[in-house]
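Report on one structure; see the data block that follows.
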DNA sequence: TTGAAAGCGCTAACAG
DNA sequence: CTGTTAGCGCTTTCAA
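Here it is in structure tokens:
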């Protein structure tokens with residue numbers, strides 16, 4: 347057998363990265379080292395240690411550790427029909443540090459159950475997803491946002507476990523955000539409500555649900571129809587939106603803090619006083635929202651709490667069932683500012 | 347043989363996700379369908395079609411397409427010793443939010459050469475990296491920023507191709523950013539320069555190189571020592587930093603646009619006029635920097651251009667050698683604003 | 001120009 | 001209690 351090291355280092359030249367003592371022990375190596383058979387190694391290491399004499403199991407554990415043994419995903423996948431990888435789709439929204447926290451938390455939880463998390467850009471062509479799924483045979487594909495129809499079709503075709511938030515949940519969730527924005531504005535005495543979308547719809551996947559939430563609360567309180575506007579992330583667009591608000595005294599629920607900040611800048615440019623002439627509530631609690639003068643009133647979405655629920659349902663679907671957490675955690679927090 | 351569908355759908359119940367006509371053709375299926383042997387299928391599909399009669403090859407292509415055949419990564423990995431996956435480490439920083447574009451571009455380029463890109467959170471424990479690498483046997487692990495010593499050690503141990511920017515390049519690159527900031531400030535007539543770090547060093551991996559770039563240019567122009575300060579992303583911190591600037595007329599190169607925006611807010615709070623009393627140049631050209639009043643002068647980093655260079659060197663290291671692009675593309679662009 | 005055979009590392013059924 | 005055996009899907013000689 348041509349060892350991997352040799353194969354990779356023809357002529358012994360090689361580059362620095364590959365020199366030194368490489369470790370890629372197989373279960374055969376572990377078995378030999380422990381003086382047992384491969385199947386014993388496999389069983390001990392896969393949770394059936396109690397079928398063996400304690401000393402035998404101990405020898406196996408020790409040998410595996412000593413040799414730095416990690417099972418080959420390829421061999422295991424081939425045998426089992428699916429791998430221990432879980433693919434998570436990376437939404438095409440801002441990587442505001444928070445998203446990393448989500449995946450970091452998920453990565454750890456999954457690792458505890460023997461799964462390995464890998465990420466994939468959500469925007470990429472569906473054909474790539476197909477290749478990835480067909481090739482890697484992941485235990486599951488998970489998405490923070492609902493799959494597109496194309497994605498669903500591919501995943502179904504490949505027979506892979508596909509987990510996304512039921513779109514009804516997703517809608518409820520975002521409607522709750524709009525509702526909280528509206529309720530907050532109303533509690534502060536505003537009666538003329540508006541909703542400002544982010545114009546680039548690729549980055550505004552939740553806008554309509556949130557708008558609905560605002561509208562619903564407005565209706566419940568007997569307020570008139572809400573104004574709806576689109577704001578691109580440039581001053582011209584924001585100024586146009588502000589000019590279009592029928593009169594002073596409008597209170598705007600913004601799709602996110604960036605939109606809110608754009609409106610604040612536009613208001614300043616137009617000489618409007620915030621919140622007297624224009625009130626604004628954002629969403630996301632970005633770092634910059636804390637720096638704005640006046641500080642933006644916004645809503646924080648506790649993504650780690652939310653992701654814990656997501657991870658739990660994922661694990662359950664995988665049959666690695668951690669029991670569902672008793673209640674859905676509170677994930678929305680109002681952050682006080684001076685813009686309403 | 348127990349088919350995968352049956353195995354996954356015991357009792358025929360199953361859930362919606364797995365019903366319907368699943369497609370998971372193997373090379374055996376393709377061979378049978380085309381009336382040739384498995385090895386013929388393998389050879390034709392791996393670029394040796396010219397060893398066969400044209401009709402034979404055509405039959406193979408047609409059958410593979412019809413059956414939706416995708417080779418099993420597991421089988422291939424087992425046989426070849428390494429997979430077609432390339433793991434990219436997701437840095438724990440924000441590059442103006444355009445990080446997706448980088449990975450999307452990379453994903454496409456790699457796919458053209460038969461590789462599949464998967465991402466992994468860079469922050470996670472090194473042990474997880476070890477498992478990932480040992481299990482998945484990726485063709486390469488790539489990082490936009492230099493590996494930590496721990497990461498390097500793990501990758502070396504597993505004998506995997508590890509590509510990161512030579513730290514000298516990384517340093518040069520970031521020094522160039524600082525230099526451009528300083529040169530721009532000096533061209534506008536400023537003689538008292540400062541550099542403002544982002545206090546959270548986890549998000550400021552390049553700060554020192556940039557600071558060096560500023561200092562270097564200041565020295566070349568015979569200016570005095572530059573002031574260096576740390577700014578956290580809150581108003582108190584920014585106000586403290588502004589207060590500490592010895593006198594009006596300081597021009598600050600900020601680590602990024604967020605830091606710059608914090609300084610602008612602090613200046614406003616202190617009644618300083620920008621740029622007369624305090625000049626600021628940022629870095630990243632975030633959306634919000636375009637919305638600020640006054641608009642922030644900043645530098646845009648063309649991450650897609652940069653990533654094309656990165657992808658090229660990665661492919662070269664993989665031996666899928668696209669020829670190196672002739673010259674390094676220009677990746678830094680000054681964005682005019684009104685803050686200097 | 002094509003096919004047969006071997007084997008990558010692993011696990012599960014079965015035999016002792 | 002532990003080992004033998006077969007085979008997951010693929011590629012690569014080697015032989016025809």
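Chains as they are written, first to last, in the working numbering: chain D, 347 to 686; chain Z, 347 to 686.
For each residue, glycine too, the CB sits at the ideal point set by N, CA and C.
What you are looking at is a predicted structure, and each value in this text was computed from that prediction instead of being measured.
Residue burial annotation: residue 615/D is exposed, with fewer than 16 other C-beta atoms found within 10 angstroms of its C-beta. Across the set 681/D, 508/D and 375/D, the C-alpha of 681/D shows the shortest separation from the C-alpha of residue 636/D.
The contact set of residue 450/D on chain Z, defined by CB atoms closer than 7 angstroms, consists of 467, 469 and 470 in chain order. Across the set 572/Z, 559/Z and 462/Z, the C-alpha of 462/Z shows the shortest separation from the C-alpha of residue 664/Z. The three-state secondary structure of residue 552/D, taken from DSSP, is coil.
Per DSSP, the unbroken alpha helix (DSSP H) holding residue 501/D starts and ends at 495-503. Within chain Z, the residues placing a beta-carbon under 9 angstroms from that of residue 464/D are 431, 433, 464, 465, 466, 478 and 482, ordered along the chain. Segment contact: the region 446-465 of chain D against the region 469-479 of chain Z, three or more CB-CB distances shorter than 8 angstroms; contact assigned.
Taken in chain order, the complete alpha helix (DSSP H) segments of 4 or more residues contained in the region 580-615 of chain Z are 581-590 and 603-615.
Per DSSP, the unbroken alpha helix (DSSP H) holding residue 389/D starts and ends at 384-391. A direct Cα-to-Cα measurement between residue 523/Z and residue 586/Z gives close to 25 angstroms. Put simply, of 400/D, 519/D, 525/D and 642/D the residue whose alpha carbon is nearest the alpha carbon of residue 626/D is 642/D.
For residue 565/Z, the closest alpha carbon among the candidates 528/Z, 574/Z and 599/Z is that of 528/Z. Cβ contact annotation for residue 406/Z (same chain, cutoff 6 angstroms, sequence separation greater than five): 380, 387 and 390, in chain order.
Taking 8 angstroms as the Cβ-Cβ cut-off, the region 602-621 of chain Z approaches chain D at 604, 607, 608, 611, 614 and 615, given in chain order. Of all residues in the region 624-644 of chain Z, the ones placed with a Cβ closer than 7 angstroms to any Cβ belonging to chain D are 633, 634, 636, 637, 638 and 639, in chain order.
Residue 575/Z sits buried, since 16 or more C-beta atoms from the chains shown fall within 10 Å of its C-beta. Contact annotation: residue 571/D and residue 577/D have beta-carbon atoms that are not nearer than 7 angstroms.
DSSP places residue 646/D inside the beta strand (DSSP E), whose first and last residues are 644-647. Unbroken beta strand (DSSP E) stretches of 3 residues or longer found wholly inside the region 459-544 of chain Z: 462-467, 486-489 and 539-544, given in chain order. Interface annotation, residue 438/Z: in contact with chain D, CB-CB separation under 7 angstroms. Against chain D, the CB of residue 416/Z has a partner CB under 7 angstroms away; the residue lies at that interface.
Any Cβ of chain D closer than 7 angstroms to the Cβ of residue 580/Z would place that residue at the interface, and such an atom is present. For residue 637/Z, the enclosing alpha helix (DSSP H) has its first and last residue at 633-637.
Below the 7 angstroms Cβ cutoff, chain Z contributes 481 and 482 as neighbours of residue 419/D, in chain order. When 7 angstroms is used as the limit between beta carbons, residue 389/Z is near no residue of chain D, the shortest such separation being about 19 angstroms.
Annotation for residue 618/Z: no alpha helix (DSSP H) segment contains it, and DSSP assigns it neither H nor E. Pairwise C-beta distances place the region 483-492 of chain D in contact with the region 412-431 of chain D, as three or more of them are shorter than 8 angstroms. Within chain D, no C-beta atom comes nearer than 9 angstroms to that of residue 599/Z; the closest sits roughly 18 angstroms away.
For residue 685/D, no chain Z residue has a Cβ inside 8 angstroms of its Cβ, as the nearest lies near 14 angstroms away.
Assignment of residue 431/Z by DSSP, reduced to helix, strand and coil, places it in the strand class.
Around residue 584/D, the beta-carbon contacts reaching into chain Z at under 9 angstroms are 637.
Residue 457/D belongs to the set of residues whose beta carbon lies under 7 angstroms from a beta carbon in chain Z. Straight-line spacing of the CA atoms in residue 384/D and residue 370/D works out to 16 angstroms.
Annotation for residue 379/Z: the continuous alpha helix (DSSP H) segment containing it runs 373-380. Per the coordinates, the alpha-carbon of residue 582/Z lies some 13 angstroms from the alpha-carbon of residue 633/D.
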